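For reference, the structure is listed below as structure tokens.
Numbering (the working numbering), first residue to last: 1 to 378.
Shown next as structure tokens:
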């Protein structure tokens with residue numbers, strides 16, 4: 001008998017080793033009911049509420065545009081099913097489907113490159129809002145496929161083209177355009193349309209101030225009277241936040257010409273507007289009907305754009321595409337020609353530091369700065 005047997009009185013039995021899997025105590029066994037994790041449930045609910053909230057605060061124009069982009073994505077899938085004989089789910093977002101989407105929009109729909117780029121953005125946003133995965137490599141591949149299309153002049157002609165920049169000279173032509181609009185030769189109605197004086201003052205102030213702050217249509221529409229403060233040097237304008245962009249405070253100095261001086265134009269319109277019953281705490285720019293009666297509602301973003309296009313037409317600025325971006329482009333190109341600092345121009349218009357559009361405007365304004373052909377004896 002061994003010492004161990006003497007101590008315990010019996011012989012040790014051999015131990016049987018069992019090869020078994022580890023079992024997680026949290027996993028319910030047969031017949032047990034899983035208890036939901038309250039933390040996970042709250043987080044999931046918050047995520048859902050956040051998605052709904054972000055969708056609600058998105059501008060209606062953006063929502064409608066993205067919805068149309070998703071419809072085009074569905075139309076592409078219908079076309080693709082006819083070509084391959086196999087319908088794919090809308091969630092099939094891969095390098096292949098996104099590059100094929102670009103090809104479809106270019107060759108079948110014959111959309112301009114800018115529209116294709118927007119379709120990619122809209123389809124991506126809508127897919128993610130529906131819980132679909134959009135791989136980064138898919139969007140990158142689509143944009144690489146789009147890049148040569150954007151450089152093709154024939155494809156560029158498909159669209160309306162980029163907005164033309166306006167200059168202070170253009171603003172003066174618009175500000176001094178005739179008050180009476182003669183009917184076009186092809187017009188059915190031969191009535192002469194006369195612009196009411198209050199509308200004239202409003203649009204002069206609107207266009208001069210829009211140029212001075214490089215304002216977007218939505219920003220000019222959202223301005224309230226208290227946002228525009230008179231100071232010794234001119235005006236300090238609080239440009240409101242739109243589409244998630246940060247608000248900004250920008251200085252506006254007196255101009256050299258009365259017709260386009262943003263300070264004097266604003267003060268003249270403000271005096272006339274208050275005399276017509278405007279609220280000093282209300283919208284900066286109000287609607288005016290064809291008889292010169294001032295309304296109580298603010299001028300809409302579309303109204304801001306139409307006012308600019310209308311006065312450009314009255315001034316005979318034809319042959320160029322004048323839009324709401326013309327003022328923003330014009331401030332940068334004119335400013336660079338006059339030697340204004342790039343950073344100051346960027347801050348004035350609220351562009352992000354890496355905005356490709358802003359730097360495109362800068363390049364345009366600097367095109368003849370130290371031009372290679374200048375002063376070389378040609």
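The C-beta atom is built at its ideal place from N, Cα and C for all residues, glycine as well. All figures in this text were calculated on a predicted structure; none of them were measured in a lab.
Drop a sphere of 10 angstroms on the beta-carbon of residue 144, count the other beta-carbons inside from all chains shown, and report buried for 16 or more, exposed for fewer.
Mapped onto the chain shown, residue 144 falls at position 144. It is exposed - the Cβ of residue 144 has fewer than 16 other Cβ atoms within 10 Å.
What are the residues that DSSP puts in a beta bridge with residue 235?
Taking the first residue of the chain shown as 1, we reach residue 235 at position 235. Partner(s): 230, 252.
For the alpha helix (DSSP H) containing residue 68, name the first residue and the last one.
One-based indexing of the chain shown puts residue 68 at position 68. It spans 60 to 84 - the alpha helix (DSSP H) in which residue 68 sits, taken as one unbroken run.
Let me confirm a value: residue 255 is counted as buried when at least 16 other C-beta atoms fall within 10 Å, else exposed. Which label applies?
Stepping through the chain shown from its first residue, residue 255 is reached at position 255. Within 10 angstroms of the beta-carbon of residue 255 lie 16 or more other beta-carbons, which makes it buried.
Compare the C-alpha of residue 138 against each of 331, 330, 148, 121 and name the closest.
Residue 138 sits at position 138 when you count from the first residue of the chain shown. Out of 331, 330, 148, 121, 121 has the C-alpha closest to the C-alpha of residue 138.
Out of curiosity, what's the CA-to-CA distance linking residue 285 and residue 376?
Reading the chain shown from its first residue, position 285 is the one you call residue 285. Reading the chain shown from its first residue, position 376 is the one you call residue 376. So the alpha carbons of these two residues sit roughly 51 angstroms apart.
Thinking C-beta only, is residue 358 closer than 9 angstroms to residue 346?
On the chain shown, position 346 is the one that residue 346 refers to. On the chain shown, position 358 is the one that residue 358 refers to. Yes, the pair counts as a contact, with Cβ atoms nearer than the cut-off.
Answer yes if the segment 324 to 342 comes into contact with the segment 257 to 266, meaning at least three C-beta pairs across the two stretches below 8 angstroms, and no otherwise.
No, the segment 257 to 266 does not touch the segment 324 to 342.
Mind checking whether residue 115 and residue 159 have CB atoms under 9 angstroms apart?
In the chain shown, the residue the question calls residue 115 occupies position 115. In the chain shown, the residue the question calls residue 159 occupies position 159. Yes. Within cutoff.
Does DSSP put residue 151 in a helix, a strand or coil?
One-based indexing of the chain shown puts residue 151 at position 151. Here residue 151 sits in coil by DSSP.
Does DSSP classify residue 108 as helix, strand or coil?
Residue numbering aside, residue 108 sits at position 108 when the chain shown is read from its first letter. Here residue 108 sits in helix by DSSP.
Under 7 angstroms Cβ to Cβ from residue 369, same chain only, skipping five residues before and after it: list those, please.
Counting from 1 along the chain shown, the entry for residue 369 is found at position 369. Answer for residue 369: no residue qualifies.
Does the separation of the CB atoms of residue 242 and residue 222 fall below 9 angstroms?
Counted from its first residue, the chain shown places residue 242 at position 242. Counted from its first residue, the chain shown places residue 222 at position 222. It is a contact, given that the beta carbons lie within the stated cut-off.
In chain order, what residues of the same chain lie with their CB nearer than 7 angstroms to the CB of residue 171, ignoring the 5 residues before and after it?
To locate residue 171, count along the chain shown from 1; it is residue 171. Around residue 171: 207, 208, 211, 260.
Can you name, in chain order, every residue of its own chain whose Cβ lies under 8 angstroms from the Cβ of residue 22, other than the five neighbours on each side?
Taking the first residue of the chain shown as 1, we reach residue 22 at position 22. The predicted position of residue 22 is uncertain, since its pLDDT is 48 and thus under 50; a value taken from the coordinates is nonetheless stated next. Counting only Cβ-Cβ distances below 8 angstroms, and skipping sequence neighbours, we find nothing.
Answer with buried or exposed for residue 146, where buried requires no fewer than 16 other C-beta atoms within 10 angstroms of its C-beta.
Residue 146 sits at position 146 when you count from the first residue of the chain shown. The residue is buried, with at least 16 neighbouring Cβ atoms inside 10 Å.
Is there contact between the segment 221 to 237 and the segment 265 to 284, where contact requires at least three CB pairs shorter than 8 angstroms?
yes
Tell me, please, which residues DSSP counts as bridged to residue 42.
Counting from 1 along the chain shown, the entry for residue 42 is found at position 42. DSSP lists no partner for residue 42.
Starting from the C-beta of residue 124, find all residues in its chain whose C-beta is less than 7 angstroms away, skip the five residues before and the five after it, and write them out in chain order.
For the purposes of this step, residue 124 is taken as the residue at position 124 of the chain shown. These residues qualify, in order along the chain: 134, 139.
Suppose contacts are defined by Cβ-Cβ distances below 9 angstroms. Is residue 73 in contact with residue 117 by that definition?
Here the question's residue 73 lines up with position 73 in the chain shown. Here the question's residue 117 lines up with position 117 in the chain shown. For residue 73 and residue 117, no; Cβs fall outside 9 angstroms.
For residue 283, write down the residues that DSSP places opposite it in a beta bridge.
For the purposes of this step, residue 283 is taken as residue 283 along the chain shown, with counting starting at 1. BP columns for residue 283 point to 224.
Within the same chain, show all residues whose beta-carbon is closer than 7 angstroms to that of residue 24, passing over the 5 residues directly before and after it, in chain order.
As a position in the chain shown, residue 24 is number 24, starting the count at 1. Low per-residue confidence applies at residue 24: pLDDT is 48, beneath 50, and the placement is therefore not dependable enough to give any value.
Taking three-plus beta-carbon pairs below 8 angstroms as touching, is the segment 196 to 207 in contact with the segment 281 to 299?
yes
When you compare the segment 78 to 96 with the segment 56 to 65, are there three or more beta-carbon pairs, one atom per stretch, that lie closer than 8 angstroms?
no
Rounded to whole angstroms, what is the Cα-Cα separation between residue 152 and residue 38?
For this step, residue 152 is matched to residue 152 along the chain shown. For this step, residue 38 is matched to residue 38 along the chain shown. One C-alpha to the other measures close to 56 angstroms.
Just to confirm, is the Cβ distance from residue 315 to residue 176 under 9 angstroms?
Working through the chain shown from its first residue, we reach residue 315 at position 315. Working through the chain shown from its first residue, we reach residue 176 at position 176. Against a cut-off of 9 angstroms, the Cβ pair of residue 176 and residue 315 comes out as a contact.
Is residue 374 buried or exposed, if buried means 16 or more other CB atoms sit within 10 Å of its CB?
As a position in the chain shown, residue 374 is number 374, starting the count at 1. By the 10 Å Cβ count, residue 374 comes out exposed.
By how many angstroms is the C-alpha of residue 56 removed from the C-alpha of residue 366?
Within the chain shown, numbered from 1, the residue matching residue 366 stands at position 366. Within the chain shown, numbered from 1, the residue matching residue 56 stands at position 56. Whole-angstrom Cα-Cα distance: 41 angstroms.
In this structure, does DSSP put residue 180 in helix, strand or coil?
Walking along the chain shown from the start, residue 180 turns up at place 180. Residue 180 carries a strand assignment under DSSP once its states are collapsed to helix, strand and coil.
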